[in-house]
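Protein chains in written order, with my numbering: chain A, 38 to 521; chain B, 55 to 511. The C-beta atom is built at its ideal place from N, Cα and C for all residues, glycine as well. Take a look at the structure set out below.
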Amino acid sequence: MTAIPIVRGRWPGDEDSGATAGPGLITPPPMETDEPRSKNFSSTRNACKLCTPLGACLVFRGIEGCIPFLHGSQGCSTYIRRYLISHFREPMDIASSNFHEESAIFGGSANFQTGMMNVLRQYQPQLIGAATTCLAETIGEDMPRLLLDLREKHREGVTAPIVTVSTASYRGTHIDGFHAAVKALVEQLGQAGKKTGAVNLFPGMVSASDLRHLKEILTDFGLNYTLLPDYSETMDGETWSQYEKLQSGGTPLAAIAATGSAAASIEFGRTLADTETAGTSLQMKFNVARLLAGLPIGIRETDAFFALLAALSGREMPVKYSRERGRLVDSLIDGHKYVFEKRAVVYGEEDLVVGLASFLCEIGVTPVLCASGGRSRLFEKALREAAPSLPAETLVKEGFDFAEISELAPSLKPDFLIGSSKGYQTARSLGVPLVRVGFPIHDRIGGQRVLHVGYRGAQELHDRIVNALLEVKQDDSDVGYAYL
Amino acid sequence: MIELLPEREPQVVRKTDGVPAADMACGKASAAGSVSQRACVFCGSRVVLYPICDALHIVHGPIGCAAYTWDIRGALSSGPQLHRNSFSTDLQEMDVIFGGEKKLEAGLLELITHYKPKAAFIYSTCIVGLIGDDVSAVCRRVAEKTGIPVLPVHSEGFKGTKKDGYRAACEALYKLVGTGDTTGIGPHSINILGEFNLAGETWILRDYYKRLGIEVVACITGDSRIEDIRRCHGARLNLVQCSGSMTHLAKMLERDHGIPFKRVSYFGIEDMSAALYEAAKYFSDDPTIMSRAQELVREEIATIYPELQRYKQKLIGKKAAIYVGGAFKAFSLVRALRLLGMETAVVGSQTGDMEDYRQLQEISDPGTIIVDDSNPLELAKFCLEKDVDLFIGGVKERPIAYKLGIGFCDHNHERKEPLAGFIGMLNFAKEVYASVASPVWQFAPRRANRVKEATTA
């Protein structure tokens, strides 16, 4: 077991099975204040993050028959819908309790109840995922209490289970909301049971293509699994012959119940080491081993993931994937001169940046700035662990925004930017290409189909990066060769 | 099978022949849990003020409200681009506990020093009042220190509907009105209210008025500058396009400065022409304005007419559903579609009032479904029932249409194609045609099944 390249984690029976701490865990740096900027701005200018409930809503749409429900103002649900629809180009219904002034004064119970009953009636969901907003949290809404009131008043009318999660937008970012919702789901729906050999995979906020690829990999290893969440079909589905109130697909409720009897949970996200998550919760409650791994972007992180699956399944890596890896290496060699010592600005969610930077270092690209709006306090550590060859002078910035990225970038002379479409203005002002990955991609079609994970994902990223640089070279040439 | 929620039924009517227009319920808060397409008070304020391009717009609250409204409008500026940034106090837990005033004040001073805006708008979001921040007091202090107008916008999301947000925006704007120098403003001068320069539409309209010999003092708020707004009380007539958002401002200008206002629309040939004639009629002391207007209309229509006819050939008899923010735009769209030979089978808005819906019923064909504050399930239901070929709406409506194999035209504030003016009518026709006539629909299951059924029958 010790040979498995687990980033951090433990098996049941390991000594001191206290929550998350693994061997070699460093003490987090002292708490920062809410004003970590050394710069001249205490405001956020063009945020490199979104609000907490967005992540929770996306998770809930990755559960079969589940409708997200926000306890707060109407705007929260509408803005989040619009933002997600613009990326996924799929319907995204999010109900709202639609607070009024009276709700803010006397509590939102009445609106919560009306809203819930209307949603149950209109959507006949299998599950309602209720997340709070800053408004509900500020007036101190007690969600368990609201649920009790609802059940008391409507009893058999409440035809679906309701999972609640606290997602105050003044606490964390959309990624924190995402992980909190996954945790809430396993805590409120996970059940004890006879141990199976199944595996839970909590992939974090990846693309619909990533989710499909992860399912394929797990299946090819012959593993029974719960992938939570799974919006690969709900948020990247087919055109309908009949209207679907809630798009089909998603993690079945039975699969969430089964997370408690799984053998292990794999959780992607090196920066989650200090966080209580679905993985730590299942470990504590049901003794399901939590295996924390890096998001499998690039060769080494993917190797580690495949080794983990090999150990868990007792099978070797299927030939299909060793061939993919082989082709990937072959293409890295084909492309190496075009990318070597090129300079990249990498931004986005911390764990995405960790994975991307790790891959960039593997192919000889120098990440000159790694920036995120998140503040795990583990960002730099995770980066340096995943990408040991990351230069010491690489700037690593937590709690950063796009204005700061734009201000730093010119002096760093990057050859390209890699991240969401929100970096476009920066890339444009620098006159360098933007390789669009992650979320959101609002200015291109197919954001939900960008593949990041696995050897196949690395292949896609590699080809896109090389081609972006080749295009610059070609466009900048006076001659304009069609043969490069 | 999709059923209407009982509490939603009064907000849906079907026009029937010979029956007087029924009164429709509207103007009320969205039913909880109904998945309304509306946003909130903040949204109303933010969309109205957003295009003022030399102002600093800072959202006071946690990050979401600012993040979701970063550079989303298609509102263009001919100069400063400051409005396209997203500034937020990004309140954190400690701020919620101890209050966010200090952070707001510090943030404002830094941003104003750095970006040198001509004014600053401070949008209050849901929690600001609850944590006890006195935003007005901060604004006063910062205005004193910086010497620019610093205007609070009372846009807490839950304090009403989007319409209350429009009102809050008008109130904030009105603090600027009357503070500028009106010297040099001529007798044939107007303000355009509720026009936001999406994809450069304001520039098209300014050109028309210029050709008529009418001076546009301020367009509020498309491509506007703080200075324009300060002196807009010097104009002789206000033309209000997006009446839902700007009638309040027009009424205040009428009350205090005696400037009359007229509702106009710049969408479609008929409404665009009427809007020009309206101003020309008002300035009848100079009859050359009217003759120039007639000439302009003739010229512009002659330019676009042949191509419009080509699209009409392809679109004639097709059915459309319209769901937009303001009802006044819906009138124009019904007429514009009719010009293309299309029928409107479903029409609705987020914020229409009783009078709007009465008028909509008047101009609609029998059988048309008219709906206030609808939601995805209802809209899908109506589209299926009426078997429409086209949906006109915004981003949130687009997937409803596409999933059902229905064409779509984006007529929301994010659009990047100018749809106002005569040239806008042509763009509109092109866009409708590009979607409705696309060959891709043959593969959409609903359409494909229908072909299959027809051939096997």
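Counting only runs that start and end within the region 82-112 of chain A, where is the alpha helix (DSSP H) found for 4 or more residues in a row?
89-97
Residues bridged to Tyr384/A (per DSSP)
Indexing the first sequence from 1 puts residue 384/A at position 347. Paired residues: Ala408/A.
Between which two residues does the beta strand (DSSP E) holding Val400/B run?
One-based indexing of the second sequence puts residue 400/B at position 346. That run of the beta strand (DSSP E) goes 397-403.
Can you tell me which of the three DSSP states Ala390/B falls into?
Your numbering for residue 390/B matches position 336 in the second sequence. Looking at Ala390/B - three-state DSSP - the assignment turns out to be helix.
Out of curiosity, what's the CA-to-CA distance linking Tyr377/B and Ile424/B?
Working through the second sequence from its first residue, we reach residue 377/B at position 323. Working through the second sequence from its first residue, we reach residue 424/B at position 370. If I take the Cα positions, the gap works out to 10 Å.
For Asp426/B and Gln91/B, which I take to be in contact (beta-carbon distance under 8 Å), what is that distance rounded to the nearest angstrom?
Here residue 426/B is taken as the residue at index 372 of the second sequence, counted from 1. Here residue 91/B is taken as the residue at index 37 of the second sequence, counted from 1. 11 Å between Cβ atoms; not a contact.
Measuring CB atoms only, is the region 501-511 of chain A touching the region 409-421 of chain A, in the sense that at least three cross pairs come out at less than 8 Å?
no
Alpha carbon to alpha carbon, how far is Ser80/A from Ala226/B?
Translated into positions along the first sequence, residue 80/A becomes position 43. Translated into positions along the second sequence, residue 226/B becomes position 172. One Cα belongs to Ser80/A, the other to Ala226/B, and the distance between them is close to 22 Å.
Buried or exposed: Leu521/A, going by 16 or more other Cβ atoms within 10 Å of its Cβ?
Walking along the first sequence from the start, residue 521/A turns up at place 484. So Leu521/A counts as exposed.
Collapsed DSSP secondary structure at Glu304/A in the structure displayed:
Here residue 304/A refers to the residue found at position 267 of the first sequence. The answer is strand: DSSP assigns Glu304/A an E or B state.
So, does the CB of Ser203/A fall closer than 8 Å to a CB anywhere in chain B?
Within the first sequence, the letter at position 166 stands for residue 203/A. Not closer than 8 Å to any Cβ of chain B, the Cβ of Ser203/A fails to qualify, so no.
Under 8 Å, do Thr422/B and Thr398/B count as touching if we go by C-beta distance?
Residue mapping note: residue 422/B aligns to position 368 of the second sequence, counting from 1. Residue mapping note: residue 398/B aligns to position 344 of the second sequence, counting from 1. A contact, by the Cβ cut-off of 8 Å.
Tell me the rounded alpha-carbon separation between Lys335/B and Met344/B.
Here the question's residue 335/B lines up with position 281 in the second sequence. Here the question's residue 344/B lines up with position 290 in the second sequence. Computed Cα separation, rounded: 7 Å.
Does the beta-carbon of Ser244/A have 16 or more other beta-carbons within 10 angstroms, so that it is buried, or is it exposed?
By 1-based counting over the first sequence, the position of residue 244/A is 207. Classification of Ser244/A: buried, given that the 10 Å Cβ count is 16 or more.
Buried or exposed: Lys216/B, going by 16 or more other Cβ atoms within 10 Å of its Cβ?
The residue labelled residue 216/B in the question sits at position 162 within the second sequence. Label assigned to Lys216/B: buried.
Where Val391/A falls, given that 16 or more other Cβ within 10 Å makes a residue buried:
As a working note, residue 391/A is residue 354 in the first sequence. Buried.
How about Asp71/A: is its C-beta nearer than 8 Å to some C-beta of chain B?
Working through the first sequence from its first residue, we reach residue 71/A at position 34. Only weak support is given to the placement of Asp71/A: the predicted model assigns it a pLDDT of 42, under 50, and the question is left unresolved by the model.
List the residues of chain A whose Cβ lies closer than 8 Å to the Cβ of Ala399/B, in chain order.
For the purposes of this step, residue 399/B is taken as residue 345 along the second sequence, with counting starting at 1. Near Ala399/B there are no residues of chain A at all, since even the closest Cβ is about 17 Å away, more than 8 Å.
Could you pull the start and end residues of the alpha helix (DSSP H) that Lys305/B belongs to?
Counting from 1 along the second sequence, the entry for residue 305/B is found at position 251. Run containing Lys305/B: 297-311, per the alpha helix (DSSP H) assignment.
Which residues in chain A sit within 7 Å of Phe141/B, going by Cβ to Cβ distance?
To locate residue 141/B, count along the second sequence from 1; it is residue 87. Result: Ser80, Arg82.
Chain A residues whose Cβ lies nearer than 9 Å to that of Pro499/B:
Counting from 1 along the second sequence, the entry for residue 499/B is found at position 445. Listed along chain A are Glu275, Thr276, Trp277, Ser278, Gln279, each with a C-beta nearer than 9 Å to that of Pro499/B.
Going by C-alpha distance, which of Gly227/A, Ala132/A, Lys379/A is nearest Ala85/B?
Along the second sequence, read from residue 1 onward, the residue named residue 85/B stands at position 31. Nearest C-alpha to Ala85/B: Ala132/A.
Reduced DSSP secondary structure (H/G/I, E/B, other) of Val270/B
Along the second sequence, one-based indexing puts residue 270/B at 216. Reduced to three states, the DSSP call for Val270/B is strand.
Does the beta carbon of Val89/B sit closer than 8 Å to a beta carbon anywhere in chain A?
Taking the second sequence and counting its residues from 1, the one referred to as residue 89/B is at position 35. For Val89/B, the answer is yes, since a Cβ of chain A falls inside 8 Å of its Cβ.
Tell me whether Glu249/B sits in a helix, a strand or coil according to DSSP, three-state version.
One-based indexing of the second sequence puts residue 249/B at position 195. Glu249/B falls in the strand class under three-state DSSP.
Specify the secondary structure class of Pro289/A as computed by DSSP and reduced to three states.
The count along the first sequence starts at 1 and reaches residue 289/A at position 252. Here Pro289/A sits in coil by DSSP.
Quick check on the burial criterion: 16 or more other C-beta atoms within 10 angstroms. Buried or exposed for Leu62/A?
Stepping through the first sequence from its first residue, residue 62/A is reached at position 25. Model confidence at Leu62/A stands at a pLDDT of 33, short of 50, so the residue's coordinates are unreliable and nothing is read from them.
Which residues in chain A sit within 8 Å of Ala434/B, going by Cβ to Cβ distance?
In the second sequence, the residue the question calls residue 434/B occupies position 380. Simply Tyr280.
If Gly99/A sits next to Gly385/A, beta carbons under 8 Å apart, how far is it from one beta carbon to the other, in whole angstroms?
As a first step, residue 99/A must be located in the first sequence, where it is residue number 62. As a first step, residue 385/A must be located in the first sequence, where it is residue number 348. Between Gly385/A and Gly99/A the Cβ distance is about 20 Å, and since that is not below 8 Å, they are no contact.
Straight-line Cα distance separating Ile336/A from Ala429/A
The sequence position of residue 429/A within the first sequence is 392, counting from 1. The sequence position of residue 336/A within the first sequence is 299, counting from 1. So the alpha carbons of these two residues sit roughly 22 Å apart.
Flag Gly209/A as yes when its Cβ comes closer than 7 Å to any non-hydrogen atom of the ligand SAM, and as no otherwise.
As far as ligands go, the structure on display features none, and thus does not contain the ligand SAM.
Members of the region 435-450 of chain B that neighbour chain A once the beta carbon cut-off is set at 7 Å
Leu438, Val449, Lys450
For Thr233/B, three-class secondary structure by DSSP:
Residue 233/B sits at position 179 when you count from the first residue of the second sequence. Here Thr233/B sits in coil by DSSP.
Going residue by residue through the region 450-475 of chain A, where are the continuous beta strand (DSSP E) segments of at least 3 residues, counting only ones entirely within it?
453-456, 471-473
Contact list for Gln295/B against chain A, beta-carbon separation under 7 Å
On the second sequence, residue 295/B is found 241 positions in, with the first residue counted as 1. Result: empty, since nearest Cβ-Cβ is about 23 Å, beyond 7 Å.
Residues of chain B with CB under 9 Å from Thr317/A, in chain order?
The residue given as residue 317/A occupies position 280 in the first sequence. None at all; the shortest Cβ gap to chain B is about 22 Å.
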